[in-house]
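Numbering (the working numbering), first residue to last: 1 to 929.
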């Protein structure tokens, strides 16, 4: 090597030294640059960059590597001034293989964290800072990738290790850099065909590189990753292989996670046969479940689950189609048999493996009719102990002591019943008491139908207090009747013997469920007094069953409210502070369902009676607060939910990862895993919509009258033959009834408004606005109805007043005409009386004048009077009939005018004054006669 190259190397080293010293001083502080290790590092770097003897440079590189591997301060110093020197070695000294090896090994040591007992945990890690410095320039990554083409084994090996260390600390930056380098990923994929040690390191590197990097995933798949992965798995012995199989499966899962196109490519190129081969185990091979094999099987099951989820983000157009295609393709490979063998028939298998296999069964049959039929007809076990697969899975639910296994088996029934009314009806049809049910046990129930086993578990709490079995059976029953009115009514008709069968009475299954709930509440109350911190999941599961049962099922609500004890008990659950917020909130939802879906008209059991009981015994503000407490409890459960971590490994922690998985499955802790499973996203969304409907319905009930009486136009019309007085009294009674109901409504609304305003109706912003908006809506609705009623009454009164005034005018005209006729008749009668008086005088004079005969005056008088009376009597009778009719009309109109506020005397003033004297004369004439 000539002096020019040496001087050039020295210049580059000094320049890089000055630059990195500035960066290192800024990061680590100037005090550390003056330490003893700094002087050693500087001396070694000087020997490497300016040395002329190759052996001396190699010796300096070896000593530098040893120092950096043991000292954090040396790592700091090396990061401050050593990177340009060693990068220059990698560029210029490729022919000195040993020196290049030393440089790569030194880089690996500088990027490997050194754990120390001293110093704060927040102290800057030199390895992390060094990774950041090295990955800043894409040229550095390109240089490292070029070293993978070197023939020397250790050069390639240390380069792979260096890239892996960079990915550990600077994942995103390195992913971006490799994408920018031509054929960068191709070079890495070629390492999978290298010697075994390098291949294994390349697998680990690609596993890190493909995490959450869709573009890199596509390129890796295009380079034939699937063929190479399954080739390595086959060479290693499938599930019996070592940690390399785990790395292959982890890489495979990275490539197909949320990536529908890669899943489709896997299915069309390699197929699912190699994956099925990994899941194959021998029946009864309990001793073969080593920890590494279990982890390998978990990785394969994770692959199956990713395929059954369909890939892609939620709501992506092709996700459902891809999911259905994967379900059908896996079912054609008889994967259900292998999953049942792992989950049901291999009870000696680790619990984590059984749980994962059960969840895969659920995802396999979810909304897939052929797979649902296959599971419903599948038999498990060996002769003579053969039983339906669903019965065997239900037995796991009843007997397992591990909560996660119960959750996984419960998930199978959830998926089986979702959007499967035929399957729900099939299971519901078997629910009936078995003749030997009283003497059977869960372990010896293989000869009993599924429904009989379920019913036995539901009622077992009465005999031995086994609330766990009742609770778990309730969870399965909730899936059977969910969104299926026929199944709800069918199960509602099941009658059970009472605890005292000698009385010969029966009770509905729904009543027995409420009894089980009360028993569980008593047990929880005792646990609360003993200060046991663990929250029971028994009551929430049973309450969830009641909620699902009551929704859209008026018959179930009628059955529940047949006994007033049930309503009072639900009110107690919702109001008492002895129970958890979750229990109180779910009980409030049950009460709300009894109001929302109540179609009963029976007094004391209708929706208004339930709402009244809630208002009086709980208080509407407290009742609505129960929903807010429930949401807080659900949020707490979601935050406490622990998801299974993705399986990962390094050469030192594969064993501990498996132990951690096992502990997570078994350890229940304060947050019960069943509670997290209850409040999944679908049920939470269902409760949210139900709460909104309940709030609106209760506010609507308190905004209308109790009897819901409406103003019927027919009631305002006068009936045929009804006297005006009775008609007026009926109208008055109707108006008074309406006023009383309106006053009652206003009083209720005022009380409700005061209560909601005083409490605010909740703590959250959304819930605090709901009572206010409801109160305003009620007030506006009441005012609007009142205004409309008053407007209708005013219009009716105006029309009636106009009609009455028209009739009164006609009657006045007719009365004036009759008065004129009466006056003419009176004048004629007076003239007749005067003529009669004159004739009487003449007769008397003739009698006094002599004895001459005279005509019979009395006879003549009588005859004349008779003729006059005949003439006047006819006219008088006609007149009196007319007067009588008109007088009756006048009286009626006068009374109506008085009710309407008119002054009757003023209207009749002046009528009849002129006829007063003739009337008096008539009276005097009558007296004379």
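Note that beta-carbon positions come from the ideal geometry of N, C-alpha and C, so glycine has one too. None of the values given here were measured: they were computed from a predicted structure.
| Alpha carbon of residue 605 to alpha carbon of residue 558, nearest angstrom | In this structure, the alpha-carbon of residue 605 lies about 8 Å from that of residue 558.
| message | Given the structure, does residue 608 come close to the ligand NAD, in the sense that its CB is under 7 Å from one of the ligand's heavy atoms? | response | Ligands displayed in this structure: none; no statement on the ligand NAD is therefore possible.
| Closest residue to residue 473 among 482, 483, 484 and 456 (Cα-Cα distance) | Selected option, being the one with the closest Cα: 456.
| request: Would you decide whether residue 408 is buried or exposed? Buried here means 16 or more other CB atoms lie within 10 Å of its CB. | output: Label assigned to residue 408: buried.
| said: Assuming the contact rule is C-beta atoms closer than 8 Å, residue 554 and residue 480 should be a hit. Round their C-beta distance to whole Å, please. | reply: Not really, about 20 Å apart at Cβ, beyond 8 Å.
| task | May I have the straight-line CA-CA distance separating residue 246 from residue 352, to the nearest angstrom? | result | As the crow flies, the alpha-carbon of residue 246 is around 16 Å from that of residue 352.
| request: At 4 residues or longer, and completely inside the stretch 158–222: list those alpha helix (DSSP H) runs for me, N to C. | output: With a minimum length of 4 residues, the continuous alpha helix (DSSP H) runs that stay inside the stretch 158–222 are 171–180, 184–190, 196–209 and 214–222.
| Nearest-angstrom Cα distance between residue 783 and residue 735? | When rounded, the separation of the alpha-carbon atoms in residue 783 and residue 735 is 17 Å.
| request: Kindly indicate which residue of 86, 36 and 229 has the alpha-carbon position closest to the one of residue 47. | output: The residue with the shortest Cα to Cα distance from residue 47 is 86.
| request: Name the one or two DSSP bridge partners that residue 274 has. | output: The partner list for residue 274 (beta bridge, DSSP) is empty, contrary to what the question assumes.
| field | Whether residue 152 touches residue 97 by CB criterion (8 Å) | value | Between residue 152 and residue 97, the CB-CB gap stays under 8 Å.
| field | Span of the alpha helix (DSSP H) around residue 138 | value | Start and end: 138–147.
| request: Out of 568, 62, 145 and 415, state which residue places its alpha-carbon closest to the alpha-carbon of residue 616. | output: Nearest option by C-alpha distance: 568.
| field | Rounded distance between the beta-carbons of residue 494 and residue 432, thought under 8 Å | value | Here residue 432 really is in contact with residue 494; their C-beta atoms are around 7 Å apart, less than 8 Å.
| said: Counting C-beta neighbours from all protein chains within 10 Å, is the total for residue 792 16 or more, i.e. buried, or is it exposed? | reply: Exposed, because fewer than 16 other Cβ atoms sit within 10 Å of the Cβ of residue 792.
| Proximity of residue 629 and residue 584 at Cβ, strictly below 8 Å | At the C-beta level, residue 629 and residue 584 come within 8 Å of one another.
| Span of the alpha helix (DSSP H) around residue 506 | Careful: residue 506 lies outside any alpha helix (DSSP H), inside the beta strand (DSSP E) at 506–508.
| task | To the nearest angstrom, report how far apart residue 311 and residue 262 are at their CA atoms. | result | Looking at the two C-alpha atoms, the distance is approximately 9 Å.
| Euclidean distance between Cα positions of residue 543 and residue 573 | If I take the Cα positions, the gap works out to 11 Å.
| said: Taking a contact to mean a Cβ-Cβ separation below 8 Å, would you say residue 370 touches residue 379 in this structure? | reply: Cβ atoms of residue 370 and residue 379: not closer than 8 Å.
| field | residue 65 to residue 138 span [Cα, whole Å] | value | Between residue 65 and residue 138, the C-alpha separation is close to 24 Å.
| query | Which word fits residue 739, buried or exposed, when buried means at least 16 other C-beta atoms lie within 10 angstroms of its C-beta? | reply | The residue in question, residue 739, is exposed, as its Cβ has fewer than 16 Cβ neighbours within 10 Å.
| message | Extract the residue ranges of the alpha helix (DSSP H) inside the stretch 219–246, only unbroken runs of 4 or more that lie entirely within it. | response | Those alpha helix (DSSP H) runs which fall completely within the stretch 219–246 and span 4+ residues are 225–236.
| message | If I follow the unbroken alpha helix (DSSP H) through residue 63, where does it start and stop? | response | Taken as a continuous stretch (DSSP letters only), the alpha helix (DSSP H) holding residue 63 covers 54–70.
| request: Could you tell me whether the stretch 798–810 touches the stretch 838–847, using the rule of 3 or more Cβ pairs below 8 Å? | output: Judged by Cβ distances under 8 Å, the stretch 798–810 makes no contact with the stretch 838–847, as fewer than three pairs qualify.
| To which residues does DSSP link residue 100 through a beta bridge? | Bridge partners of residue 100 according to DSSP: none are assigned.
| request: For the alpha helix (DSSP H) holding residue 266, just list the boundary residues, first then last. | output: Its alpha helix (DSSP H) spans residues 260–269.
| task | Taking only the alpha-carbon atoms, compute the straight-line gap between residue 183 and residue 415 and give it to the nearest angstrom. | result | Cα to Cα, residue 183 sits roughly 45 Å from residue 415.
| task | Note down, in chain order, each residue of its chain lying with its Cβ closer than 6 Å to the Cβ of residue 599, except the 5 sequence neighbours on either side. | result | Only 554 meet the Cβ criterion.
| To which residues does DSSP link residue 496 through a beta bridge? | Paired residues: 507.
| said: I'd like to confirm the pairing. Which residues does DSSP put opposite residue 387 in its beta bridges? | reply: Assignment of beta-bridge partners to residue 387 by DSSP yields 380.
| Under 8 Å between the Cβ atoms of residue 430 and residue 460? | Result no, Cβ atoms of residue 430 and residue 460 do not sit closer than 8 Å.
| Tell me which same chain residues have a C-beta within less than 7 Å of the C-beta of residue 158, skipping the five on either side of it? | Excluding residues within five positions, the ones whose Cβ falls inside 7 Å are 101, 104, 105 and 108.
| message | On the CB-based measure, 16 or more other CB atoms within 10 Å of its CB, does residue 193 come out buried or exposed? | response | Residue 193 comes out exposed.
| task | Tell me, to the nearest whole angstrom, how far the beta carbon of residue 582 is from that of residue 540; I am working on the premise that it is less than 8 Å. | result | With a Cβ gap of about 5 Å, residue 582 and residue 540 count as contacting.
| query | So, helix, strand or coil for residue 689, using DSSP? | reply | Under the three-state reduction of DSSP, residue 689 is assigned to helix.
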